[in-house]
Each structure stands twice: as structure tokens, then as C-alpha cells.
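I have placed the structure first, in the form of C-alpha cells, so that the comments after it can refer back to it.
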Amino acid sequence: MMRRGTPEADLQRAVVHALRIALPRSAIIHHCANEVTEAGPRGAKRQAILVGMGVHAGFADLMVLSDGRVLFLELKAPKGRLRPEQEAFRDAVQAQGFGWALVRSLDDALGALADHDFTTRIAPSPRRPAP
Numbered sequence: 305m306m307r308r309g310t311p312e313a314d315l316q317r318a319v320v321h322a323l324r325i326a327l328p329r330s331a332i333i334h335h336c337a338n339e340v341t342e343a344g345p346r347g348a349k350r351q352a353i354l355v356g357m358g359v360h361a362g363f364a365d366l367m368v369l370s371d372g373r374v375l376f377l378e379l380k381a382p383k384g385r386l387r388p389e390q391e392a393f394r395d396a397v398q399a400q401g402f403g404w405a406l407v408r409s410l411d412d413a414l415g416a417l418a419d420h421d422f423t424t425r426i427a428p429s430p431r432r433p434a435p
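In C-alpha cells, the structure reads:
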């Protein structure tokens with residue numbers, strides 16, 4: 305279901321649905337709600353509480369765990385750009401040997417699974433060239 309004015313949220317819902325179909329049933333697909341969208345002092349207080357509880361700036365939108373593999377997916381609208389905190393998170397997880405991918409479409413999400421050698425329940429597609 306597409307909602308007006310929320311292209312990244314719409315994409316995320318579609319990606320989660322597709323991953324639930326494509327990945328083995330034992331896979332874990334997790335969204336870390338790491339931002340408070342409420343403005344003003346109340347929102348700032350809630351964000352501070354979350355940071356104190358371990359929220360990490362720039363954490364990817366989705367984390368996929370399957371068969372001993374970990375892949376972080378950062379979802380962006382077609383013209384969306386990574387914030388510096390997101391770039392730092394990407395660099396940190398890749399330096400530790402984890403997978404990370406920028407996703408702007410369902411094809412990007414499914415391609416990321418193939419690029420990082422995830423086992424899926426769908427027929428493999430040819431490898432994509434690096435972005």
C-alpha cells in the first residue's frame with residue numbers, strides 16, 4: 305500500500321514484504337526505530353532517552369540475519385542522500401566485515417542479498433555490477 309508523502313516508508317514496507325518471501329523462514333528482518341519524529345522539547349527528551357538506551361546515530365533502517373550472515377540495508381528514496389552519520393555507520397560495519405547496502409528499489413534489496421551470498425527461496429539472478 306502506497307501512502308502519499310512517505311516514499312522511504314513505502315519502500316521499506318515493500319522491501320520487508322519481499323525479504324520475508326525471499327529469505328528462509330528462519331531469517332530475521334529487523335527495523336531499528338532509532339529516531340523520534342516529534343518536534344520540540346518533548347521529542348528531544350525522548351530522543352535523549354533512546355540514545356541512553358543504546359540508539360546509534362546513522363544505524364541502518366533494516367538488519368537482516370540469516371544463516372550466520374548479517375546485512376544492513378539503508379533505504380533511500382530515489383534522490384535521497386546519506387547523512388554523515390549514515391556514512392560513518394556504513395564504514396564502521398563494513399570495516400568489521402559485515403554487509404551493508406544502499407537500497408532504492410526492490411531490485412536493489414534482492415540484489416544486495418545476492419551480492420552478499422545470502423541463501424534465498426527464489427531463483428538466483430546474475431550478479432550485478434558494483435555501484
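In this text, residue positions in the sequence shown follow this note's numbering: the first is 305, and each later residue adds one.
Note that CB positions come from ideal geometry on N, CA and C, so glycine has one too.
All of these numbers come straight from a predicted model, not from anything done at the bench.
*Just mark Ser370 as buried or exposed, buried being the case when its beta carbon has 16 or more other beta carbons within 10 Å.*
By 1-based counting over the sequence shown, the position of residue 370 is 66. Under this definition Ser370 is a buried residue.
*N-terminal and C-terminal residue of the alpha helix (DSSP H) that Ala405 is part of*: Position 101 of the sequence shown, counted from the first residue, corresponds to residue 405. Careful: Ala405 lies outside any alpha helix (DSSP H), inside the beta strand (DSSP E) at 403-407.
*Can you list the alpha helix (DSSP H) stretches of 4 or more residues lying completely in the stretch 321-356, in chain order?*
Entirely contained in the stretch 321-356, the alpha helix (DSSP H) runs reaching 4 residues are, in chain order, 344-356.
*When you compare each of Ile426, Asp421, Phe422, Leu406 to Leu315 by their alpha carbons, which one comes out closest?*
If you number the sequence shown from 1, residue 315 lands on position 11. Of the listed residues, the one whose Cα sits closest to Leu315 is Leu406.
*Taking the Cβ atom as the reference point for each residue, do Leu377 and Ala364 lie within a distance shorter than 8 Å?*
For the purposes of this step, residue 377 is taken as residue 73 along the sequence shown, with counting starting at 1. For the purposes of this step, residue 364 is taken as residue 60 along the sequence shown, with counting starting at 1. Contact check for Leu377 against Ala364 passes: the beta carbons are separated by less than 8 Å.
*Since Arg373 is in the beta strand (DSSP E), which residue starts that stretch and which ends it?*
For the purposes of this step, residue 373 is taken as residue 69 along the sequence shown, with counting starting at 1. Per DSSP, Arg373 belongs to the beta strand (DSSP E) from 373-379.
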